Amino acid sequence: MRDLIIKKRLIEELDHCGSTTVEIAAKIGVSPEMITQYRTTKKLPRLDTFARLCKELDLDANYILGITD
1377 MRDLIIKKRL IEELDHCGST TVEIAAKIGV SPEMITQYRT TKKLPRLDTF ARLCKELDLD
1437 ANYILGITD
């Protein structure tokens, strides 16, 4: 259940961040294909990648992780 919340919120934030998949990938040092996998498969980012996503895109990690609403 927790994975579904994380996945849903991560996708929501990626879709609304105002950056393209290629731009997001370049900012955090992964391939665009990896960003696509986060959006379309059950794959979640590694912890270090998640931290870079939150930092570079100004995302609220607590919200994505379901700690806050």
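Read in order, the letters of the sequence shown are residues 1377 to 1445 in the working numbering.
Every residue gets a Cβ at the ideal spot worked out from N, C-alpha and C, and that includes glycine.
Remember, it's a predicted structure, so these values are computed and weren't measured experimentally.
Check                                                                                                          : Outcome
Which of helix, strand or coil DSSP assigns to L1420                                                           : coil
Nearest candidate by alpha-carbon position, reference C1430, set R1378, I1387, K1418                           : I1387
Candidates A1437, R1385, T1425, of which the one nearest R1415 by Cα                                           : R1385
Own chain partners of T1444 with C-beta closer than 6 Å, once the 5 adjacent residues on each side are dropped : N1438
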